[in-house]
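In what follows, a single structure is set out as structure tokens and then discussed.
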Amino acid sequence: MLEQKIASYRLQPMGMGYVDRSGKANIMQSNRPAAHLRESRSFDNLLRSYMTSAEGKRFLQYAHSQGKNFINIVGAGSADLGDHVVAALLHDGEKGVIVGNYEGQSFQGRVQELGAMYGLSEQAALEYVLNHELGHAAGNNSETSNEGFVKQYFLQQAQRTTGPEQRKYVRLAAVAAYREKEAKKAGKS
Ligand SMILES: [Zn+2]
508 MLEQKIASYR LQPMGMGYVD RSGKANIMQS NRPAAHLRES RSFDNLLRSY
558 MTSAEGKRFL QYAHSQGKNF INIVGAGSAD LGDHVVAALL HDGEKGVIVG
608 NYEGQSFQGR VQELGAMYGL SEQAALEYVL NHELGHAAGN NSETSNEGFV
658 KQYFLQQAQR TTGPEQRKYV RLAAVAAYRE KEAKKAGKS
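Residue numbers (the numbering used here): 508 to 696.
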């Protein structure tokens, strides 16, 4: 879940596509535009439905309650982000797009892999990834601060839920704590 800071996403030289807020698809530098278009529409639908779901709304509310200001998310799509990247926020500090990786493997396949790695269901892994990118969009620029931020959110949810829902958030908080430590070790403060 790499976060890439770029001067202007319009000039980003990677193969990518995104759907803007009016529903218009934009494809850039792509050597397989049909695939990028399909993946962009699919990721945009995923993010939209997440942001209007009970879980997504709770996370956005949490970020606001912590005094966070979101950059302007002008679209969502897919991009060629290389290996070991699930998704990214491509932004210039004021506006940005959230993209799933589509290089050699679908975003969904990468989410399933991440889930398998951490013992999370596909749905929980997706919640993790989308919260992570929204955490970046809320101004948590470094990996350490962002993992710490989502960890606090998951801990809060673990206190407020019961049963399977609570177990999911306990697990998500543990994953964030682990990744926070790893990021600290790697000096990504
Ligand atoms: Zn990140």
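By construction, the Cβ of each residue, glycine as well, lies at the ideal position given by its N, Cα and C atoms.
All figures in this text were calculated on a predicted structure; none of them were measured in a lab.
When the Cα atoms are used, what is the spatial distance from S622 to A631?
Within the sequence shown, the letter at position 115 stands for residue 622. Within the sequence shown, the letter at position 124 stands for residue 631. In the sequence on display, residue 622 carries Gly and not Ser. Between the alpha carbons of G622 and A631 lies a distance of about 8 Å.
For ligand 1, is there a heavy atom less than 6 Å away from the beta-carbon of E650?
Walking along the sequence shown from the start, residue 650 turns up at place 143. It does: the Cβ of E650 is within 6 Å (strictly closer) of some heavy atom of ligand 1.
Take L518 and list the residues in its own chain whose beta-carbon comes closer than 7 Å to its own, dropping the five residues that flank it on each side.
Within the sequence shown, numbered from 1, the residue matching residue 518 stands at position 11. Low per-residue confidence applies at L518: pLDDT is 48, beneath 50, and the placement is therefore not dependable, though the value from the model is reported in the following sentence. There are no such residues.
Run through DSSP, which three-state label would V606 get?
Indexing the sequence shown from 1 puts residue 606 at position 99. Of the three classes helix, strand and coil, the one that applies to V606 here is strand, per DSSP.
On the three-state DSSP scale, how would you describe M523?
Position 16 of the sequence shown, counted from the first residue, corresponds to residue 523. Of the three classes helix, strand and coil, the one that applies to M523 here is strand, per DSSP.
Please specify which runs of the alpha helix (DSSP H), each continuous and at least 4 residues long, are wholly inside the segment 634-673, giving them in chain order.
650-667
Which of helix, strand or coil DSSP assigns to L596:
Here residue 596 corresponds to residue number 89 of the sequence shown, with the count starting at 1. Correct three-state label for L596: strand.
7 Å Cβ shell around E610 - same chain, five flanking residues per side excluded:
The residue given as residue 610 occupies position 103 in the sequence shown. The beta carbon of E610 lies closer than 7 Å to those of D587, L588 and G589 in the same chain, with the five residues before and after it left out.
Classification of R667 by the beta-carbon crowding that lies within 10 angstroms, buried from 16 upward:
Residue numbering aside, residue 667 sits at position 160 when the sequence shown is read from its first letter. By the 10 Å Cβ count, R667 comes out exposed.
Just mark G582 as buried or exposed, buried being the case when its beta carbon has 16 or more other beta carbons within 10 Å.
Translated into the one-based positions of the sequence shown, residue 582 becomes position 75. Burial call: buried.
A542 (DSSP reduced to helix, strand or coil):
In the sequence shown, the residue the question calls residue 542 occupies position 35. A542 falls in the helix class under three-state DSSP.
Pair within 7 Å by beta-carbon distance, F614 and G603:
Numbered from 1 along the sequence shown, position 107 holds the residue referred to as residue 614. Numbered from 1 along the sequence shown, position 96 holds the residue referred to as residue 603. Cβ atoms of F614 and G603: not closer than 7 Å.
Per DSSP, cross-strand counterpart(s) of G626
Counting from one through the sequence shown, the residue named residue 626 turns up at place 119. In the DSSP output, where bridge partners are listed per residue, G626 has none listed.
In whole angstroms, what is the alpha-carbon distance linking E546 and N538?
The residue given as residue 546 occupies position 39 in the sequence shown. The residue given as residue 538 occupies position 31 in the sequence shown. Approximately 14 Å, taken between the alpha carbons.
From the DSSP output, in three-state form, read off S547 for me.
Translated into the one-based positions of the sequence shown, residue 547 becomes position 40. In the structure shown, S547 sits in a helix (DSSP, three-state: H, G or I).
Does N576 come out as helix, strand or coil in the three-state DSSP assignment?
Taking the first residue of the sequence shown as position 1, residue 576 is located at position 69. Residue state, collapsed to three classes: coil.
State the DSSP-derived secondary structure class of N532, mapped to helix, strand or coil.
Taking the sequence shown and counting its residues from 1, one reaches residue 532 at position 25. Note that residue 532 corresponds to Ala in the displayed sequence, not to Asn. Here A532 sits in strand by DSSP.
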